[in-house]
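Visitor: The numbering used here numbers the first residue of the sequence shown as 4 and each following residue consecutively.
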Amino acid sequence: MDLLNICLTSTYFQYNGKHYKQLHGTAMGSPVSVVIAEIVMQNIEERALSTCRQTIPLWLRYVDDTFTAVRHDEIDAFHNHLNEQNTDIQFTREVEENGKLPFLDCLVSHNDNSLRTTVYRKPTHTDRLLDESSYNPTSHKATTIRTLTRRAQLVCDSTDSLSDENKYLHRVFTKNNYNNDFIRRNTHRPTTTTETNDTATPTTTATIPYIKGMSENISRILLPFNIRVAHKPITTLRQLLTNVKDKDEPRNRQGTIYKINCSDCQASYIGETGRNLTTRLTEHRRATRKVLNTCHDHQGGVADRKKEQGLAEEIKNLKSQLGNKDGDESTSAATQAERDQRSPTKEQADFQSVQTRAEAELRLSSARLAQVSAKVDEVGKLIKAIDGMEEYGFQYNINIVGVPELNSQETPEATSKLCAELFAEMGTNITLQDIDIAHLVPLRSAGNLPNQIICKFTRRLAKEAVMARRKDACKPNPINLGLPDRTSLSSVRLFDHLTSKMQKVFSEGKN
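#1: Count the CB pairs spanning the region 76 to 92 and the region 40 to 52 that are closer than 8 Å, and state whether there are at least three.
#2: Can you tell me whether DSSP reads Asn-400 as helix, strand or coil?
#3: Give me whichever residues DSSP pairs with Val-232 in a beta bridge.
#4: Does DSSP classify Arg-124 as helix, strand or coil?
#5: Taking DSSP's pairing of strands, which residues face Ser-13 in a bridge?
#6: Taking the C-alpha atoms as reference points, what is the distance between Leu-165 and Thr-121?
#7: Check whether the region 275 to 284 touches the region 249 to 267, counting contact only when three or more Cβ pairs, one atom from each stretch, lie closer than 8 Å.
#8: Should the region 229 to 249 be regarded as contacting the region 157 to 177, the criterion being three or more beta carbon pairs within less than 8 Å?
#9: In the DSSP assignment, what residue or residues form a beta bridge with Val-518?
#10: So what does Glu-275 bridge to, in DSSP terms?
#11: By the DSSP assignment, the alpha helix (DSSP H) with Leu-243 in it spans what residues?
#12: Taking contact to mean 3 or more Cβ pairs, one atom from each stretch, closer than 8 Å, check whether the region 136 to 156 and the region 184 to 196 are in contact.
#13: Take the Cβ of Leu-367 as the centre, count every other Cβ of all protein chains shown within 10 Å, and call the residue buried at 16 or more, exposed below.
#14: Using the C-alpha atoms, what's the distance from Leu-11 back to Pro-532?
#15: Just to confirm the assignment, what range does the alpha helix (DSSP H) spanning Asp-3 have?
#16: What number of angstroms, rounded off, separates the C-alpha of Gln-93 from the C-alpha of Arg-74?
#17: If you scan the region 39 to 114 from start to end, which runs of the alpha helix (DSSP H) of 4 or more residues do you find wholly inside it?
#18: Please state the DSSP three-state secondary structure of Gly-21.
#19: Would Asp-108 pass as a contact of Asn-179 if the rule is Cβ separation under 7 Å?
#20: Taking the continuous alpha helix (DSSP H) assigned at Asp-3, which residues delimit it?
#21: State the Cα-Cα distance for the pair Lys-103 and Pro-236, rounded to the nearest angstrom.
#22: Under 6 Å Cβ to Cβ from Val-111, same chain only, skipping five residues before and after it: list those, please.
#23: Measuring alpha carbon to alpha carbon, tell me which of Ile-39, Lys-24 and His-27 ends up nearest Met-4.
#24: For Thr-14, I'd like the list of residues in its chain whose CB is within less than 6 Å of its CB, leaving aside the five on either flank, ordered along the chain.
#25: CB-CB under 6 Å to Thr-207, same chain, minus the five flanking residues each way: which ones, in chain order?
#26: Taking the alpha helix (DSSP H) that His-27 belongs to, which residues open and close that run?
#27: Going by alpha carbons, who is nearest to Thr-90 out of Val-158, Ile-47, Leu-63 and Phe-16?
Written out as structure tokens, the structure reads:
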């Protein structure tokens, strides 16, 4: 409870250059605020409803919006009774007009002792949604349509109101440049709830910045590994236009470069700190006083005391300058120091050494970034090649993913070589023998040459052999499929590039 009390009574913020402490309420954005606010609201409700003289037949609350029913001549009395419960929490009210009252996103109509609901929009609503041409993932655009159509189905309680709402939404979607086919495919359709499978493979979610043309490909690559990708915009208008927090004064900033001039000579000290600048300057003054006091004890130097006072005055002047100038001047001190045509001091030489090392690290980081960009380009080209190969088909209504038929005279050697090169680029350990096994081609001869059977015939044999084995075996295993007994049916490298029917057989055997 002591820790909770500290969290609730230690909320500070800065506004217009002044610091304030919040005395009432809880901090906005704090995790504990939601729980405390709900407890307070429930306490107010219980006291108000148990002590009021009016009969309240209905009381529905969502967070801080409440829908209730009170006799018309008792509205004022009940409203005053609610506001008497806590002087810091005052309720406002909205009474129905023409038998209609908005509540959240519902418009409740009162007619013939019954309540009807439809979708409600504020008068300031502009019909502006996420435009189809906006730089956002397609999934976000599809979700926009799916969410609004789902809300219409949940809120509208009659066929007529739902039909009117769907027509309105279709006009709004068209206004935001969505075509009819995209609207139709992403319109929400109610489905029956199915029991969740607790034994299903857990899915991991990864959030990455959205880059058009690349993020979609990354999502497809990670999908077979049960990794779901969520996209987020790199930069939003809110980040560019919203700046509600006060800027720190230069003397209170962190991560700055500063310069202190000597009052007796042309030397100067340039420093860099990641902490509060005032704190760092105070440390300089304390360290200088300590050194000079030591010299004063040994030498009795009045001149040293004068130097101490001069340095303290210089630090004081620096603080004054930082308080009166714009913040950019504090960060440009190093640049101004480089313009000084004095002989460099030891501190300046140290600073230049640090700057040189930083520039070298920056060049190294740029080179690494270029390598990463090149790898991303290679992945994009590989994905494009795979997409093109998957578009190829062949006879007998079978499709072998990643194994195209370029022409009717394609031989097993050409097919095997093409597959091996493809999977080598993907970093998958697929050998030529693995590909022959997948096609049910006999093992290679002593000269390590494939059996001379054209691909069409090989595929037909594969189809007939698999269909026959499916009838003979209730549970397929590696042996009755003609594979080595050590073969794992869940192995990706013996699964992804098989025929669709063989994939089904392997899936049944695995499960």
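Just so you know, even glycine gets a beta-carbon here, dropped at the ideal spot from N, CA and C.
Just so you know, these numbers come straight off a predicted model, no measurement behind them.
Guide: Judging by the given coordinates:
#1: Between the region 76 to 92 and the region 40 to 52 there are three or more inter-stretch CB-CB distances shorter than 8 Å, so the stretches are counted as touching.
#2: Here residue 400 refers to the residue found at position 397 of the sequence shown. Confidence in Asn-400 is poor, its pLDDT being 37 and thus under 50, which makes the residue's placement unreliable; the coordinate value appears in the next sentence. DSSP places Asn-400 in the coil class of the three-state scheme, outside both helix and strand.
#3: For this step, residue 232 is matched to residue 229 along the sequence shown. Ala-209.
#4: In the sequence shown, residue 124 corresponds to position 121, counting from 1. Coil.
#5: As a first step, residue 13 is located in the sequence shown; it is residue number 10 there, counting from the start. Paired residues: none, contrary to the question.
#6: Numbered from its first residue, the sequence shown carries residue 165 at position 162. Numbered from its first residue, the sequence shown carries residue 121 at position 118. It is roughly 8 Å from the alpha-carbon of Leu-165 to the alpha-carbon of Thr-121.
#7: Enough Cβ pairs lie closer than 8 Å, so yes.
#8: The region 229 to 249 vs the region 157 to 177: no contact.
#9: In the structure as shown, the chain starts at 4 and stops at 514, and residue 518 therefore has no counterpart that could be examined.
#10: Indexing the sequence shown from 1 puts residue 275 at position 272. By DSSP's assignment, Glu-275 forms a beta bridge with Ile-260.
#11: By one-based count along the sequence shown, residue 243 stands at place 240. Note, Leu-243: alpha helix (DSSP H), 240 to 244.
#12: At 8 Å Cβ cutoff, the stretches touch.
#13: Here the question's residue 367 lines up with position 364 in the sequence shown. So Leu-367 counts as exposed.
#14: An answer regarding residue 532 cannot be provided, because it is not within the stretch 4 to 514 covered by the chain.
#15: What is shown of the chain runs 4 to 514, which leaves residue 3 out entirely.
#16: The sequence position of residue 93 within the sequence shown is 90, counting from 1. The sequence position of residue 74 within the sequence shown is 71, counting from 1. Cα-Cα distance, rounded: 21 Å.
#17: Counting only runs of 4 or more residues that sit fully inside the region 39 to 114, the alpha helix (DSSP H) segments are 78 to 86, in chain order.
#18: Taking the sequence shown and counting its residues from 1, one reaches residue 21 at position 18. The residue asked about is misnamed: residue 21 is Lys in this sequence, not Gly. If DSSP states are grouped into helix, strand and coil, Lys-21 belongs with the strands.
#19: Looking up residue 108 in the sequence shown gives position 105. Looking up residue 179 in the sequence shown gives position 176. Between Asp-108 and Asn-179, the C-beta spacing is not below 7 Å.
#20: Lying before the first or after the last residue shown, residue 3 is absent from the chain, which here runs from 4 to 514.
#21: Residue 103 sits at position 100 when you count from the first residue of the sequence shown. Residue 236 sits at position 233 when you count from the first residue of the sequence shown. Annotation: Lys-103 to Pro-236 spans about 39 Å, alpha carbon to alpha carbon.
#22: To locate residue 111, count along the sequence shown from 1; it is residue 108. Apart from sequence neighbours up to five positions away, the residues of its chain that approach Val-111 with a beta-carbon distance below 6 Å are Leu-104, Leu-118 and Thr-120, ordered along the chain.
#23: Mapped onto the sequence shown, residue 4 falls at position 1. Measuring from the Cα of Met-4, the nearest candidate turns out to be Ile-39.
#24: Reading the sequence shown from its first residue, position 11 is the one you call residue 14. Scanning its chain for C-beta atoms nearer than 6 Å, with the 5 sequence neighbours on each side dropped, one finds around Thr-14 the residues Gln-25 and Ala-30, in chain order.
#25: What you label residue 207 is simply residue 204 of the sequence shown in a count that begins at 1. The residues Ile-230, in chain order, have a CB closer than 6 Å to that of Thr-207 in the same chain once the five nearest residues on each side in sequence are set aside.
#26: The count along the sequence shown starts at 1 and reaches residue 27 at position 24. For His-27, no alpha helix (DSSP H) encloses it, and the DSSP letter there is neither H nor E.
#27: For this step, residue 90 is matched to residue 87 along the sequence shown. Of Val-158, Ile-47, Leu-63 and Phe-16, the residue nearest in Cα terms is Ile-47.
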